[in-house]
Each structure stands twice: as structure tokens, then as C-alpha cells.
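What follows is a single structure, written as C-alpha cells, with notes after it.
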Amino acid sequence: MMKVALSMCKQTVSLLNVPSGVLKSNFFSPRQQKEKVVILMGATGTGKSRLSIDLATRFPAEIINSDKIQVHAGLDIATNKITEEEQCGIPHHLLGIIDPNADFSATNFIDLASHAVASILSRGQLPIIAGGSNSYIEALVDDKDFRFRSKYQCCFLWVDVAMPVLHQYVSERVDKMVENGMVNEVRNFFDSNANYARGIRKAIGVPELDRYFRAEPFLDKQHRAKLLREAIQEIKRNTCKLACRQLGKIHRLRNKKNWKIHRLDATEVFCRRGENADEAWEELVAGPSTEIVAEFLYNISSEALLAKPASRVSCGIML
């Protein structure tokens with residue numbers, strides 16, 4: 032499996048060659064008509080969480096989860112939630128806060144995300160909205176009354192990976208999740224009377240294991256292993272289908288609704304291994320994103336940015 036080391040706690044600011052205090056005063060000047068929000072998009076597995084942490088260690092920021100499944104508590108492995116260690120001390124909102132059996136609608140997301148954005152801005156921080164539920168992001172940004180657009184100016188970043196490469200990666204990621212205990216995690220959550228159209232049980236990895244858990248007590252070791260392999264293959268197929276749907280929604284927002292979305296091609300990152308992958312990530316994704324966000328916030332051209340990497344504080348995380 033491809034492993035991309037997350038030196039997520041990278042301390043890299045001192046971005047601009049301007050006097051101390053100017054950045055914050057420019058960003059939060061009362062003369063500005065709209066306050067600013069950064070929104071990270073991309074298919075599952077492309078590195079949205081990694082980029083959100085990279086940016087939040089380079090700008091004064093907090094992160095709002097926009098994944099409709101990860102908003103629920105529980106099944107941390109199956110839903111691939113960012114861990115507390117991976118968060119590197121950056122405040123996260125709307126992550127694991129909803130009862131696993133409760134429904135969570137786009138309207139619920141709009142209400143909670145809007146409150147989180149206002150709260151983060153009130154503390155002089157930048158809201159970074161990150162997640163794969165593009166329909167929820169669309170509902171928030173293009174609400175029927177245009178309230179969000181009237182208050183906030185948005186910078187959209189899209190982490191993209193070529194589908195054949197991404198499909199291989201998400202397949203390997205499912206294997207890693209199984210190694211980390213996903214099957215037992217879902218088994219402990221299994222309910223033969225559960226509704227898979229409700230709450231966290233809609234998550235890929237839960238309904239696919241239903242047949243296995245029902246048959247498990249009645250099968251010998253060989254047949255159990257076969258049934259489990261089939262369930263894992265179905266999880267992989269459905270994850271790849273999800274990635275394709277997510278990509279289609281981003282293309283629609285960009286091409287049909289004319290959202291100005293900055294595409295960052297991370298394919299080369301996923302084709303490399305080890306430190307070379309980290310270098311590619313900085314060169315192709317984290318670095319360009321930092322420049323885009325700096326220009327968005329402070330209206331200073333990329334030529335003014337200092338390419339001065341600071342010391343890294345490793346969280347010991349693998350993606």
C-alpha cells in the first residue's frame with residue numbers, strides 16, 4: 032500500500048515579507064464587505080484532511096468537517112475519521128458530534144456549519160471547510176436566499192487524483208482499514224434489525240458486511256473467509272463508485288455552475304513512495320495551495336511569498 036507520511040504539524044508560516052500584524056489587520060479589516068472562507072473539495076482518499084491541516088498550520092485557522100458520515104460519532108476506522116493525533120491541535124468542528132442513529136440532513140449541515148463559520152471568524156480565525164460531501168457544500172454556499180454568498184467570499188481548492196491511480200489507492204486503503212480492525216469495529220455495531228438508510232449505518236463498509244455477520248455463526252472457517260473477501264471487495268467497489276460520483280459533482284459545480292475552483296493535481300504524489308511523495312505533496316499541493324490562500328486572504332501576489340520551510344514537528348501519521 033502506498034503510504035504518504037503526514038508531517039502535518041509542519042510549522043511553516045512567516046509566509047510574507049511584510050511587517051508583523053499587517054496580515055491579520057488586512058484579513059480582518061472592518062472595511063472589507065465580506066469575510067473569507069476556504070473550502071477544500073475532492074474525492075475520497077485524495078488528501079483533503081492532510082491539506083486542511085497543512086493550511087491550518089500556516090494560517091490562523093480552524094477546520095469544519097463537511098463529510099456527512101464523519102459528522103456522526105462512532106465507527107472511526109470505517110468512516111476514516113482523522114484522529115486526535117492527526118489533528119495536531121487544530122480545532123475541528125462537526126466531527127463525530129451527532130448520534131450514530133440520527134439522521135443528518137443538508138439543512139442540519141447548513142445550520143451547524145454557518146454557526147461554526149461565524150464562531151471561528153469571531154475569534155479572528157480562518158474557517159476551512161473540508162470534506163467529500165459536495166452536495167452539502169453546494170447547499171451551504173448556494174443556499175436559496177444567497178445568505179452565505181452575501182456574507183462570505185469563498186476560495187475553493189480541489190485536490191484531484193487521476194481515477195485509475197486513486198482507485199488503486201482506495202483499494203489499498205480498505206485493506207489497511209481491515210488490518211486496523213474495521214471488521215471487528217463494525218461487528219460490534221451490527222444490529223440485525225438496523226436500517227442502513229439511516230445515520231452512520233449508511234457509511235460504506237457497514238451494509239456490505241451485513242451478509243457476512245448474519246452467516247458467520249453458521250459457516251466453517253473456509254466459507255467465512257470467502258464471504259469476508261467478497262464483502263471487502265464490495266467495499267472497495269463501492270468506495271471507487273463514490274469517488275467517481277464525487278468527482279462528477281465537482282465537475283458540475285465547476286463547469287455548469289461556474290464555481291471558480293482551483294485544481295491541484297496530486298496524481299504524482301500517489302505514484303511515488305516515502306520521502307519523494309512528501310516532496311511531491313509540498314511541490315504540487317501544499318505549496319501552491321498556500322500561495323492561493325495567501326493571495327486570497329491578503330491580496331499579495333505569489334512573488335511576495337517566502338519559500339522558507341521551517342522545522343517540522345512530525346505527528347507520526349501515515350495516510
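Position one of the sequence shown corresponds to residue 32 (my numbering), numbered consecutively onward. For every residue, glycine included, the Cβ atom is placed at its ideal position computed from N, Cα and C. Just so you know, these numbers come straight off a predicted model, no measurement behind them.
To which residues does DSSP link residue i through a beta bridge?
i: Gln184; result: Lys67
i: Trp189; result: Met72, Arg294
i: Asn96; result: Ala161
i: His124; result: Ile95
When burial is assigned at 16 or more other CB atoms within 10 Å of the CB, is residue i buried or exposed?
i: Pro248; result: exposed
i: Arg283; result: exposed
i: Gln118; result: buried
i: Pro61; result: Bear in mind that the predicted position of Pro61 carries a pLDDT of just 46, short of 50, making it unreliable; the figure below should be weighed with that in mind. Flag for Pro61 reads exposed.
i: Arg232; result: buried
i: His154; result: A quick correction: the sequence has Arg, not His, at residue 154. Arg154 should be labelled exposed.
i: Cys271; result: buried
i: Asn219; result: exposed
i: Gly73; result: buried
From residue i to residue j, what distance separates their C-alpha atoms?
i: Asp241; j: Phe221; result: 8 angstroms
i: Ile331; j: Thr77; result: 28 angstroms
i: Asp176; j: Pro195; result: 39 angstroms
i: Tyr227; j: Glu326; result: 44 angstroms
i: Lys288; j: Lys280; result: 11 angstroms
i: Ile141; j: Asp251; result: 48 angstroms
i: Arg268; j: Leu278; result: 16 angstroms
i: Glu306; j: Glu116; result: 21 angstroms
i: Ile266; j: Ile151; result: 36 angstroms
i: Met208; j: Gln64; result: 45 angstroms
i: Tyr243; j: Ile108; result: 18 angstroms
i: Thr321; j: Ile168; result: 21 angstroms
i: Gln184; j: Ala92; result: 16 angstroms
i: Pro319; j: Ile84; result: 15 angstroms
i: Ala138; j: Ser166; result: Residue identity differs from the one stated: residue 138 is Thr in this sequence, not Ala. The straight-line gap from Cα to Cα measures roughly 11 angstroms.
Which same chain residues end up closer than 7 angstroms to residue i when comparing Cβ atoms and leaving out the 5 residues on each side of it in sequence?
i: Val324; result: Val69, Leu86, Phe90, Cys186
i: Met33; result: Summary for Met33: the model assigns pLDDT 39, below 50, so the residue's position carries little reliability, and this model does not support an answer.
i: Ala246; result: Leu258
i: Leu273; result: Thr75, Ile235
i: Asn211; result: Ile108
Only counting the same chain, and skipping five residues up and downstream in sequence, which positions put a Cβ closer than 6 angstroms to that of residue i?
i: Ile292; result: Phe187, Trp189, Arg285
i: Asp191; result: Arg294, Asp296
i: Thr110; result: Ile100, Gln101, Ala234
i: Ala133; result: Gly230
Any chance the CB of residue i is under 7 angstroms from a heavy atom of the ligand GDP?
i: Lys112; result: Ligands displayed in this structure: none; no statement on the ligand GDP is therefore possible.
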